[in-house]
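Notes to accompany the following structure.
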Amino acid sequence: MVARLGNLSALKDFISFLATVSGDISHITAPPFILAPSSLTEFPAYWAERPTLFTASAHEPLAERRMLLVLKLYLASLQQYYVGRTVKEGLKKPLNPFLGELFFCEFSDHDLTQEKAPTSTVRVISEQVSHHPPTTAAYISADGHGVHAQAYSTQHTTLSGTSVMIRQSGHGVLKIDKYNETYLLPLPDVCARSVLTGVPWPELNDTYSIISSSGYTAEMRFIGKKMWGGQRNCFEASIYRTVDSQKKAIFTASGSWSSKFSIFNSEGKEIDVFDLADPQNQPAPMAVKPVEEQSPWESRRAWGSTFEAIKRTDHNAVVTEKSRLENAQRQLRKLEQKERKKWETMFFTRCGSAPDEEEVVQSLFDQLDDDEADRLRGANGCWRFDKEKEQRWRNGQGGWRPETPFG
């Protein structure tokens, strides 16, 4: 109890300090007791943790139902991506990745509702491609099913009263090879409420759309918490033909993205319920190499000592280990500048705000208003997975990079 009260007092002091800072506060070091034993480079993996759902759209012959499956995947992934734990446990702040930080993993599962269904395996590649501004890029693929997704996100964190607002610029692109379809996915902003209680919780607000090259749009309206003790993390969604100015719903969905939601047909009949607590909807186990077999640049190895200190709540060790890596990174940046070395990413390439080779993606952007399109692109260009670059690095032909992030 005494430790908790001390943490709350320190948290209030920290919030008071943040109130004096103007602009982005992403770079400011948070108190050890609100840190999570994970890095932001792991977060893209949450979109892949239900492989059967990730690949389901590749096996659906109807375009409107493929959009429904993509929407279902999107909604089912929000709880882990924005919370990472149960809502009652509250939010913890992941570590800010260092430039060049990597994370690799795989998920595999089997559709229990179909006896002869193939096993779905999804692999994830995540890389911190920029430090100023902090940008994480990811590639998620299920090659056996022809479903691929990639995304990049730049986060901007500001304080509003006693809430922390995390705005994301960037977007995701999901492609289904069999149907030659592309989906443009938004990355919602999140507000961490009740920060001073020591148990903050996430809230999504505003309206976002998933747009498909097949001619369908899924519009999602996030409501947050309803008044007078209502359910948290509520939303309403509808799927309609993009060309339909009346937005007549073919399917609708509503409920809570962090617990349970229902899907309805055009007649209002409930046709599906997705309960995150249902055993058959639980995430598949994440497969990651043992730490000792990982590259020194991989997240869990590089931050290993810091993560262990966080888990055992050794706050002094957290500060020591975290600072050791962060200070080493500052020295590397100075070395780059002094020796005029050029940092190169391993798996992703910056391609400008409207890459010519992505005509389909550009056509989806054209359906957005200018402000939303600018937010989804971000101010620092798009990042795309580069297969040729990946192959060069795997063959030992990449650019300059020290053996470890410690220099």
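Going by the UniProt record's numbering, 150 is the number at position 150 of the sequence shown; the sequence numbering is gapless.
Virtual Cβ for every residue (Gly too), placed ideally from N, Cα, C.
Between the stretch 241–257 and the stretch 281–299, the count of Cβ pairs shorter than 8 Å is below three; the stretches do not touch. Collapsing the DSSP output to three states places Thr136 in a strand. The three-state reading of DSSP puts Gly255 in strand, counting E and B together. Straight across, the Cα-Cα distance linking Leu184 with Ala137 is about 15 Å. Assigned with DSSP and collapsed to three states, Ala328 falls in helix. In summary, Ile271 is exposed, with fewer than 16 beta-carbon neighbours lying within 10 Å of its beta-carbon over all protein chains present. For Asp374, the enclosing alpha helix (DSSP H) has its first and last residue at 370–377.
Ala277: not part of any alpha helix (DSSP H); DSSP gives it neither H nor E. A distance of 7 Å or more separates the beta carbons of Ser153 and Pro51. For Glu49, the closest of Leu78, Pro31, Ser57, Leu68 by C-alpha to C-alpha distance is Leu78. Taking every protein chain shown into account, the CB of Leu335 has fewer than 16 other CB atoms within 10 angstroms, so this residue is exposed.
The Cβ atoms of Ser169 and Arg375 lie closer than 7 Å to each other. In this structure, the alpha-carbon of Tyr46 lies about 20 Å from that of Pro200. If you look at Pro51, you'll find it in the alpha helix (DSSP H) that goes 51–55. The beta carbon of Ile211 sits closer than 6 Å to those of Leu184, Thr217, Leu364, Gln367, all from its chain and outside the five residues before and after it, given in chain order. Glu42 is not bridged by DSSP to any residue. No residue range can be given for Lys269, since it is assigned to no beta strand (DSSP E) and is classified by DSSP as neither H nor E. In the structure shown, Glu339 falls within a helical segment according to DSSP collapsed to helix, strand and coil. In this structure Lys342 is in contact with Gly399, their Cβ atoms being roughly 7 Å apart against a cut-off of 8 Å. For Val190, the uninterrupted beta strand (DSSP E) run begins and ends at 190–193, by DSSP. Per DSSP, Gln168 is one residue of the beta strand (DSSP E) stretching across 163–176. Cβ contact annotation for Ala63 (same chain, cutoff 6 Å, sequence separation greater than five): Ser214, in chain order. Boundaries around Tyr152 are those of the beta strand (DSSP E), 147–160, since no alpha helix (DSSP H) includes it.
Residue state for Ile250 is assigned as coil, using DSSP reduced to three classes. About 4 Å separates the beta carbon of Leu69 from that of Ser57, a gap short enough to meet the 8 Å contact definition. Exclusion of the five residues before and after Gly407 leaves Ala328, Gln331, Leu332, Leu335 as the residues of its chain whose Cβ lies within less than 8 Å of its Cβ. Around the beta carbon of Ala287, a 10 Å sphere encloses fewer than 16 other beta carbons of the protein chains shown; the residue is thus reported as exposed. Pro134 has its alpha-carbon roughly 15 Å from the corresponding atom of Arg377. For Pro405, same chain residues with a beta-carbon under 8 Å away, outside a window of 5 residues either side, are Phe98, Gly100, Glu101, Pro296, Trp297, Ala302, Leu325, Ala328, Gln329, Leu332 in chain order. DSSP places Ile125 outside any alpha helix (DSSP H); the residue lies instead in the beta strand (DSSP E), whose first and last residues are 119–131.
Annotation: the continuous beta strand (DSSP E) that includes Phe385 extends over 383–385.
Residue Cys191 holds the alpha-carbon nearest to the alpha-carbon of Ile223 among Phe103, Cys191, Ile250, Ile239. The beta carbon of Val360 is closer than 7 Å to those of Thr182, Ser213 in its chain, skipping five residues each way along the sequence.
Glu236: member of the beta strand (DSSP E) spanning 234–241, first to last residue.
Taking each of Phe307, Thr207, Ile176 in turn and checking the Cα distance to Leu187, the smallest one comes out for Thr207.
As DSSP reads the structure, Arg221 sits in a beta bridge with Thr207, Glu236.
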